[in-house]
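Some notes on the structure that comes next.
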């Protein structure tokens, strides 16, 4: 079955540091890939997405590139802020089977210190 | 409405009791999803509605769990004979359709605690 593996957290960085959160997946065919973010006390929000190989999703300074060869979708940001502190979830959804459910990773907590 | 609304935000119930969790999706969103999130884990799929019908209920853990969406808008997740292992955050999400690349809008969830 489908699965998503994320690096374990927490990831603790100083403000303006470079961020990478690793995500790899196993799926049938070539799924659509997503990053969701959960800020403290809030619901999950879509951060960015990519629907085919080599696509780059970007939003709010975050980027992730769909790498078919390595089945990865790593999240990056060049300079993090304290306000980026949250839990980040990588997720996939199959395209070829018609299954509409998202499969999530277990989440990575990011803590940014001033 | 402006967002996905879930009620109640918190529910404490005794083992063996019946509970109902409500989800009010964004107006006009035809697809509605239920997920369950245990502490420290990612959300796990339970059931998906397209309109009034359950298009995929493969994530429901057993026959104590049931969900309805009778008019294609509000949905209710029903749990019978609750067990302590049912304690989790229950999330609802909706999307405008099921086309490629659609992301969901999630509600803030209902935290269910079975004591």
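Chains as they are written, first to last, in our numbering: chain S, 1 to 114; chain F, 1001 to 1115. Built from N, CA and C at the ideal position, the CB exists for glycine as well. These numbers were taken from a predicted model, which means no experiment stands behind them.
With three or more beta-carbon pairs closer than 8 Å as the criterion, would you say the segment 21 to 32 of chain S touches the segment 83 to 94 of chain S? Yes: the two stretches touch, three or more of their Cβ pairs being nearer than 8 Å.
Taking residue 1053 of chain F as part of the beta strand (DSSP E), name the residues at either end of that continuous run. Residues 1053 to 1056.
Per-residue contacts from residue 56 of chain S into chain F (C-beta, under 8 Å): The contacting residues do not exist; residue 56 of chain S stays about 14 Å from chain F at best.
Looking at residue 28 of chain S and residue 3 of chain S, is the spacing between their C-beta atoms short of 8 Å? In this structure, residue 28 of chain S does not lie closer than 8 Å to residue 3 of chain S by Cβ.
Output needed for residue 44 of chain S: all residues of its chain with C-beta closer than 6 Å, excluding positions within five of it in sequence on either side, in chain order. In its chain, beyond the 5 residues on either side, 36 and 38 have a beta carbon closer than 6 Å to the beta carbon of residue 44 of chain S.
I'd like the list of long-range same chain contacts for residue 1114 of chain F, defined as Cβ closer than 7 Å, with 5 residues on each side in sequence excluded. Within the same chain, residue 1114 of chain F has close Cβ partners 1013, 1015, 1082, 1083, 1084, 1086 and 1087.
Taking the alpha-carbon positions, what's the residue 1065 of chain F to residue 63 of chain S distance? Answer to the nearest angstrom: the Cα atoms are 38 Å apart.
Counting C-beta neighbours from all protein chains within 10 Å, is the total for residue 1049 of chain F 16 or more, i.e. buried, or is it exposed? Buried.
Using a Cβ-Cβ distance cut-off of 8 Å, determine whether residue 1108 of chain F contacts chain S. At a cut-off of 8 Å between C-beta atoms, residue 1108 of chain F counts as an interface residue with respect to chain S.
Quick check: the Cα distance between residue 57 of chain S and residue 1017 of chain F, rounded to an integer number of angstroms? Looking at the two C-alpha atoms, the distance is approximately 45 Å.
Please check if any C-beta of chain F sits within less than 8 Å of the C-beta of residue 53 of chain S. In terms of beta-carbon proximity, residue 53 of chain S stays away from the interface with chain F, with every pair separated by 8 Å or more.
Who are the neighbours of residue 99 of chain S on chain F, taking C-beta pairs under 8 Å? Going along chain F in sequence order, the residues near residue 99 of chain S (Cβ under 8 Å) are 1056.
If we define contact as Cβ-Cβ less than 8 Å, is residue 1098 of chain F a contact residue for chain S? A Cβ of chain S is located within less than 8 Å of the beta carbon of residue 1098 of chain F.
Going along chain S, which residues have a C-beta under 7 Å from residue 1103 of chain F? Those are 34, 46 and 49, listed as they occur along chain S.
How about residue 1004 of chain F and residue 1093 of chain F: do their beta carbons lie closer than 8 Å? The Cβ-Cβ distance between residue 1004 of chain F and residue 1093 of chain F falls below 8 Å.
Give me the residue from F:1008, F:1019, F:1030 and F:1078 with the minimum Cα distance to residue 1104 of chain F. Looking at the Cα atoms, F:1030 is the closest of the given residues.
Would you mind sorting residue 1 of chain S into buried or exposed? The rule is 16 or more other CB atoms within 10 Å of its CB. Flag for residue 1 of chain S reads exposed.
When the Cα atoms are used, what is the spatial distance from residue 1121 of chain F to residue 1070 of chain F? Beyond the ends of chain F as shown, which are 1001 and 1115, falls residue 1121 of chain F; an answer cannot be given.
Once the 5 residues before and after residue 1043 of chain F are set aside, which same chain residues still bring their CB inside 6 Å of it? Here the set comprises 1035, 1037 and 1091.
Using C-beta distances below 6 Å, list every residue in its chain close to residue 12 of chain S, excluding the 5 sequence neighbours before and after it, in chain order. These residues qualify, in order along the chain: 111.
At 8 Å on the CB atoms, spell out the chain F contacts of residue 42 of chain S, in chain order. In chain order: 1108.
Quick check: what's the CA-CA separation for residue 1046 of chain F versus residue 51 of chain S? Roughly 23 Å between the two C-alpha positions.
So, are the CB atoms of residue 1039 of chain F and residue 1075 of chain F less than 8 Å apart? In this structure, residue 1075 of chain F does not lie closer than 8 Å to residue 1039 of chain F by Cβ.
So if I threshold CB-CB distances at 8 Å, which residues from the segment 101 to 113 of chain S count as touching chain F? Residues are counted here when their Cβ sits less than 8 Å from a Cβ of chain F; for the segment 101 to 113 of chain S these are 101, 102, 103, 104, 105, 106 and 107, given in chain order.
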